[in-house]
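Residue numbers (this note's numbering), protein chains in the order written: chain A, 2 to 323; chain B, 17 to 488; chain C, 37 to 305. The next block holds one structure in the form of structure tokens; read it before the comments.
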Amino acid sequence: MNPFNRASASSQRIQLEDALKHLLDYEQTNRGTTVESLAGALAIPRPDAAEILGRLRSRGLAKAAGITHHLTEDGRIYAIQVVRTHRLYETWLARETSTPAEDWHKEAHKAEHHIGSAKADELANLLNNPRFDPHGDTIPTREGHMPKREFTDLASWPDGQSARIEHLEDEPESLFREIQTLALAPDTLIETPRHLEDGSVKALIEGRNVLIPARLTTLIHLAATTEDDGKPELRRLSDLAIGDTAVVHALAPACTGNERRRLLDLGLVPGTRITCEFPSPFGSPRSYMIRGALIALRDHQAERILIEAPVSQSTSETTSAQ
Amino acid sequence: METTTPDHVLKNAEELRWQLPQNLHDRIAESIYGEAARIAAENVTREGQTRRLRWQQRLDRLLTHPLTAFPIMILILGAVLWITITGANVPSGMLANLLIDHGHPLVSDTLTAAHAPEWLRGLLADGVYLATAWVIAVMLPPMAIFFPCFTLLEDFGFLPRVAFNLDRIFQKVGAHGKQALTMTMGLGCNAAGVVATRIIDSPRERLIAIITNNFSLCNGRWPTQILMASIFLGALAPKAWAGTISALAVLAVALLGFGFAMLTSWFLARTVLRGEATSFSLELPPYRPPSFWKTLYTSLIDRTLIVLWRAIVFAAPAGAAIWLCANINLGDQSIAAWFINFTEPLAWLMGLTGVILLAYVVAIPANEIVIPTILMLTVLVTGAGGGAGAGVMFEPDSTDVVRSILHAGGWTTLTAVCLMLFSLCHNPCSTTIYTIYKETRSWKWTAVSTFLPLIIGVALCILTAAIWRMLA
Amino acid sequence: MNPTHAPGEACLTCPSRHGQLEKLGLRIDDTDFIIALAGNPNTGKTTVFNALTGLRMHTGNWPGKTITRAEGAFSYDGKRFKIVDLPGTYSLLSASPDEEVARTFLLFGQPDVTVIVADATCLERNLNLTLQTLQITRRAVLCLNLMDEAKAHGITIDIRHLSRELGIPVIPCSARSGEGIPELIKEIHTVATSGETPKPRALPLEIPGLRGALSRIEAGLKQSFPELPQPRWVALRLLEGDREIIEAVRTGEIGALKENHPQQGIKSA
Chain A
2 MNPFNRASAS SQRIQLEDAL KHLLDYEQTN RGTTVESLAG ALAIPRPDAA
52 EILGRLRSRG LAKAAGITHH LTEDGRIYAI QVVRTHRLYE TWLARETSTP
102 AEDWHKEAHK AEHHIGSAKA DELANLLNNP RFDPHGDTIP TREGHMPKRE
152 FTDLASWPDG QSARIEHLED EPESLFREIQ TLALAPDTLI ETPRHLEDGS
202 VKALIEGRNV LIPARLTTLI HLAATTEDDG KPELRRLSDL AIGDTAVVHA
252 LAPACTGNER RRLLDLGLVP GTRITCEFPS PFGSPRSYMI RGALIALRDH
302 QAERILIEAP VSQSTSETTS AQ
Chain B
17 METTTPDHVL KNAEELRWQL PQNLHDRIAE SIYGEAARIA AENVTREGQT
67 RRLRWQQRLD RLLTHPLTAF PIMILILGAV LWITITGANV PSGMLANLLI
117 DHGHPLVSDT LTAAHAPEWL RGLLADGVYL ATAWVIAVML PPMAIFFPCF
167 TLLEDFGFLP RVAFNLDRIF QKVGAHGKQA LTMTMGLGCN AAGVVATRII
217 DSPRERLIAI ITNNFSLCNG RWPTQILMAS IFLGALAPKA WAGTISALAV
267 LAVALLGFGF AMLTSWFLAR TVLRGEATSF SLELPPYRPP SFWKTLYTSL
317 IDRTLIVLWR AIVFAAPAGA AIWLCANINL GDQSIAAWFI NFTEPLAWLM
367 GLTGVILLAY VVAIPANEIV IPTILMLTVL VTGAGGGAGA GVMFEPDSTD
417 VVRSILHAGG WTTLTAVCLM LFSLCHNPCS TTIYTIYKET RSWKWTAVST
467 FLPLIIGVAL CILTAAIWRM LA
Chain C
37 MNPTHAPGEA CLTCPSRHGQ LEKLGLRIDD TDFIIALAGN PNTGKTTVFN
87 ALTGLRMHTG NWPGKTITRA EGAFSYDGKR FKIVDLPGTY SLLSASPDEE
137 VARTFLLFGQ PDVTVIVADA TCLERNLNLT LQTLQITRRA VLCLNLMDEA
187 KAHGITIDIR HLSRELGIPV IPCSARSGEG IPELIKEIHT VATSGETPKP
237 RALPLEIPGL RGALSRIEAG LKQSFPELPQ PRWVALRLLE GDREIIEAVR
287 TGEIGALKEN HPQQGIKSA
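Next up, the structure:
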């Protein structure tokens with residue numbers, strides 16, 4: 002086989018797998034895939050999309066019902082495997098490498114077609130079998146189990162009702178990058194959102210007033226907060242003045258993987274009293290007294306630690322009384 | 017109840033996981049710390065502000081204050097170097113007197129009296145013995161002073177503060193903050209520094225730390241720096257200032273090394289090892305007054321003698337190799353002379369001599385033997401210092417001995433400056449190279465770590481020599 | 037502790053007081069018991085290690101100084117003890133590469149006694165690791181190091197109450213001056229030669245759904261591996277998706293933990 006054929010064979014496989022993912026996506030939202038929807042999703046001409054569906058049918062991965070197409074059992078298993086690989090790879094990139102967030106999807110999209118299921122299982126083991134990817138999507142288990150979740154986006158969320166980010170859409174890339182610069186991540190709390198006339202949303206996020214542009218609101222999926230949310234007056238540790246003391250509320254959801262585990266190990270768990278002691282000559286890092294030890298954190302990390310004002314003296318003494 | 021197999025248990029666990037909160041790990045950590053806090057609160061009582069605490073806080077403010085932090089750090093490093101340079105002079109002279117002026121003729125005469133053939137007498141007395149004796153005379157005194165000083169600082173808790181102060185620079189170049197710690201480890205031994213990079217989690221930043229570790233002057237290179245600075249640079253100043261000028265020169269080279277490490281890290285983090293800086297946290301332990309005599313004793317016995325032993329182990333065979341190089345002829349020239357003449361043009365461009373380049377080839381196993389090798393080669397090949405065969409006549413002060421040999425070898429201040437730069441930037445020793453391979457498991461990165469500093473060093477020396485000659 | 041005895045290195049090697057003690061340095065063959073030295077970074081584990089073995093491993097006042105496992109030995113009262121100095125970790129929960137050495141050894145290395153070295157000046161953060169270690173093994177001794185520092189900081193610790201609360205012996209010491217080391221050795225000997233293995237200490241984990249899930253997994257584990265000494269801890273690790281533990285359960289290696297463990301009585305005979 003000459004190299005061109007091989008290249009086209011592999012690109013054919015990529016197209017097939019992308020088409021399967023599209024079918025799975027539509028199945029999960031109870032829609033039937035059509036030639037048009039597939040052509041739109043893969044950004045290819047209609048005849049090509051029709052040909053791909055034909056090939057899926059001939060390989061027994063999809064079946065037609067009128068003008069719509071649906072996955073067969075084999076097709077579903079295949080599609081879920083591809084999705085699993087993609088999400089695992091994204092999780093690995095986010096947790097264990099220093100790849101910038103906007104590259105996660107792109108890199109994973111490349112990798113999902115080359116990594117076999119054995120390799121994907123290895124990756125899952127390495128990551129201690131994560132359940133959610135960095136966008137808040139569930140990662141299918143190795144048995145192909147993929148819990149379905151219902152989302153409401155920020156555009157249609159009622160004013161004034163606080164919410165928790167469940168999931169972030171990672172495409173298109175330029176918009177996802179904007180979401181990243183706002184430091185939004187799955188599980189981030191959005192307090193008292195208010196829709197402005199131009200469709201943008203103003204909300205209190207981690208102690209800061211943030212304006213979310215209208216073009217991002219459909220990409221942010223929310224769920225109602227559970228009762229233990231809704232703590233008052235959150236601030237970030239990086240905003241704590243030298244010599245002041247606060248209590249850790251939680252680690253921000255944007256803080257994941259190794260970084261999160263390390264901070265927890267150091268004792269940065271909810272309720273811990275923390276005092277900002279002194280800065281380094283350049284301002285960052287600063288040193289903090291945490292449970293009896295002096296620990297230096299860069300500002301970039303301290304931004305991801307949410308704090309609240311210390312409660313009364315007596316309670317705080319029991320939390321860090323040694 | 018059905019029988020449960022391990023696979024069953026695993027499947028069960030896999031399903032149950034989905035019913036647990038997403039932040040399970042956070043909440044477990046929180047519960048355990050909560051329990052720890054409860055137990056501590058019940059069993060520990062603490063007086064409020066003690067004198068000890070206030071003293072520590074004041075010291076921390078001073079050592080990290082924008083105005084005082086850097087002057088103090090440089091002052092401390094400078095002071096350690098000054099103590100080493102001025103303190104090592106006299107014992108070095110005494111050792112040289114004992115081992116070379118008196119020891120060498122004794123060994124040589126004993127061998128002659130035992131009717132050893134001339135080649136054996138040359139190999140053992142002028143090769144093996146002389147190389148070993150020089151290592152001891154030149155290396156032991158500075159190491160015996162430098163290491164205890166360094167260990168005292170380490171035990172006191174100073175190093176984490178250095179890392180804390182410098183962290184912003186590491187942030188800017190895209191390196192990991194703990195690289196500061198691995199680089200200070202490298203000041204002792206680069207192989208140890210490379211192993212120490214295991215404290216860095218991210219593979220990308222760890223590679224950067226490994227590649228740049230060689231820019232920390234290791235203990236095999238401090239004596240080279242110190243010797244060159246005191247013979248050639250200190251001598252330019254009035255006698256009272258000689259020690260200070262030498263210390264400043266070595267300090268400048270050490271800081272240059274830091275600069276190169278940062279520059280290389282910056283370059284790597286923007287090209288082949290691109291990525292975002294990962295987070296790190298650094299514990300600043302309380303200052304602990306070091307137990308002075310114990311530290312002195314252990315660092316002298318363990319660190320100094322171990323390093324010295326390594327130097328001797330490498331020096332003895334190297335001495336034999338050097339003697340053979342200088343005495344086996346290819347045509348009408350010895351191997352050494354042939355190599356020296358061949359590399360002389362490149363050496364001239366770099367402001368060095370062919371002898372130095374040959375010494376660096378011989379000294380790949382250990383940087384410690386560079387100076388002894390240079391001295392032996394100069395004596396054996398150029399016949400300076402009266403010629404080894406005729407019994408070597410040396411003055412009692414070792415730096416004077418070295419100076420007279422080197423002057424006879426045609427050395428100038430430029431040679432010394434370029435040697436100091438080349439000593440800073442050249443390939444790591446073979447132990448370090450092997451360690452890098454063991455840690456990275458990659459020939460590619462091992463090769464990069466080996467040749468990158470060498471290329472920088474050659475370029476740096478050529479540039480320095482060219483500018484020097486233009487101005488002179 | 038013996039208050040009349042002046043602290044110092046000399047007292048440890050003085051034959052009249054500690055005739056049974058012999059530091060064996062690197063002679064680690066044919067030992068009767070394996071002792072693990074665990075603890076947070078920078079708590080002076082290596083100093084304790086040196087004091088016990090007579091070795092002089094390099095120490096330094098910064099966290100992470102010891103990155104590889106060091107081994108040494110001593111003999112006391114006719115028994116030979118091998119000591120393994122583990123790298124310092126803040127936790128055993130995270131399965132990050134650097135703490136893996138420590139955790140794997142505590143679990144699969146099956147030490148006869150685990151000495152947890154804690155910094156007395158900040159006990160709370162050291163108790164975090166202590167509590168986690170006690171989930172894996174109760175054959176442990178808490179060595180409260182740096183008592184001299186704690187005193188200088190005006191800290192007092194109720195040793196007896198702490199020992200009762202944790203359910204393991206607590207030995208205050210200042211390894212640098214050698215104070216408390218003879219008592220530590222004696223306690224190691226006592227725990228090593230006593231036949232009983234106490235049950236792991238339970239952790240209060242008030243997390244919705246966790247208790248039920250733990251009980252179910254624990255029950256399954258007890259059926260598959262009746263001898264497993266720490267089923268609850270293994271169950272917790274399974275629920276956290278810990279790859280090492282999952283693998284050990286799948287291969288059955290975890291079941292071998294108890295069977296391979298030499299019976300204390302036979303061993304000391």
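The beta-carbon is built from N, C-alpha and C at its ideal position, and this holds for glycine as well.
Is the beta carbon of residue j closer than 9 Å to that of residue i?
| i | j | result |
| --- | --- | --- |
| Ala63 of chain A | Thr34 of chain A | yes |
| Thr86 of chain A | Ala102 of chain A | no |
| Ala331 of chain B | Thr148 of chain B | yes |
| Ala121 of chain A | Cys158 of chain C | no |
| Lys81 of chain C | Leu73 of chain C | yes |
| Asn235 of chain B | Met199 of chain B | no |
| Leu220 of chain A | Thr153 of chain A | no |
| Ser260 of chain C | Thr21 of chain B | yes |
Between the Cα of residue i and the Cα atoms of the options, which residue gives the shortest distance?
| i | options | result |
| --- | --- | --- |
| Thr12 of chain C | C:Pro262, C:Tyr112, C:Leu163 | This structure cannot speak to residue 12 of chain C, because chain C is shown only from 37 to 305. |
| Glu278 of chain A | B:Glu30, B:Asn105, B:Asn39, B:Leu69 | B:Leu69 |
| Ser439 of chain B | B:Ala263, B:Ala95, B:Glu134, B:Leu272 | B:Leu272 |
| Gly556 of chain B | B:Leu136, B:Leu140, B:Ala104 | Nothing about residue 556 of chain B can be reported from this structure: the residues present for chain B run from 17 to 488 only. |
| Pro244 of chain C | B:Ser281, B:His81, B:Gln38, B:Ala488 | B:Gln38 |
| Pro311 of chain A | A:Ala65, A:Phe283, A:His110, A:Gly272 | A:Gly272 |
| Leu43 of chain A | A:Arg263, A:Lys22, A:Asp266 | A:Lys22 |
| Ile99 of chain B | B:Leu146, B:Leu233, B:Pro158, B:Ile88 | B:Pro158 |
| His189 of chain C | B:Thr61, B:Leu233, B:Met486 | B:Thr61 |
| Gly67 of chain A | A:Ala40, A:Arg96, A:Leu124, A:Val36 | A:Val36 |
Which partner residues does residue i have in the DSSP bridge list?
| i | result |
| --- | --- |
| Pro208 of chain C | C:Leu180 |
| Gly95 of chain B | The amino acid at residue 95 of chain B is misidentified as Gly; the sequence shows Ala. Bridge partners of Ala95 of chain B: none, in fact. |
| Val151 of chain C | C:Leu73, C:Val177 |
| Ile206 of chain A | A:Arg209 |
| Pro444 of chain B | For Pro444 of chain B, which the question treats as bridged, DSSP gives no partner whatsoever. |
| Pro280 of chain A | A:Arg287 |
For residue i, which residues in the same chain have their Cβ closer than 8 Å to its Cβ, ignoring the five residues on either side in sequence?
| i | result |
| --- | --- |
| Phe358 of chain B | Gly370 |
| Arg304 of chain B | Asp171, Phe172, Gly173 |
| Pro208 of chain C | Met37, Ala156, Leu180, Met183, Ile193, Ile195, Gly216 |
| Thr226 of chain A | Ser163, Ala164, Arg165, Leu190 |
| Ala406 of chain B | Note on Ala406 of chain B: pLDDT 33, under 50, position unreliable in the model; no value is reported. |
Skipping 5 residues on each side, what residues in its chain have a beta carbon closer than 6 Å to that of residue i?
| i | result |
| --- | --- |
| Ala404 of chain B | Bear in mind that a pLDDT of 41 at Ala404 of chain B, under 50, signals an unreliable position, so the model cannot answer this. |
| Gln300 of chain C | The pLDDT assigned to Gln300 of chain C is 37, lower than 50, so where the model puts this residue is not dependable; a value taken from the coordinates is nonetheless given after this. So the qualifying residues of the chain are Gly231. |
| Glu360 of chain B | Gly370 |
| Ala342 of chain B | Ser350, Ala352, Leu396, Val397 |
| Ala297 of chain A | Pro286, Ser288 |
| Pro412 of chain B | Low local confidence applies: a pLDDT of 40 at Pro412 of chain B is under 50, so the model's placement there is unreliable, and no value is given. |
| Arg212 of chain C | Thr83 |
| Thr466 of chain B | Asn443, Ile449 |
Using C-beta distances below 7 Å, list every residue in its chain close to residue i, excluding the 5 sequence neighbours before and after it, in chain order.
| i | result |
| --- | --- |
| Ala85 of chain B | Leu79, Asn181 |
| Leu257 of chain C | Leu264, Pro267, Val270, Ala271 |
| Ala481 of chain B | Leu365, Met366, Gly367, Leu430, Cys434 |
Can residue i be considered in contact with the ligand ATP, in the sense that its beta carbon sits closer than 8 Å to one or more heavy atoms?
| i | result |
| --- | --- |
| Phe355 of chain B | Absence of the ligand ATP from the depicted structure is noted, as is the absence of any ligand whatsoever, leaving it without description. |
Please determine if the region 194–205 of chain A and the region 169–183 of chain A are in contact, where contact requires at least 3 C-beta pairs separated by less than 8 Å. no
Inter-stretch contact (C-beta, 8 Å, three-pair minimum) for the region 249–262 of chain B and the region 111–118 of chain B: no
Take every Cβ of the region 158–175 of chain C, pair it with every Cβ of the region 263–273 of chain C, and state whether three or more of those distances are shorter than 8 Å. yes
Can we say the region 28–43 of chain B touches the region 234–244 of chain A, given the rule of at least three CB pairs closer than 8 Å? no
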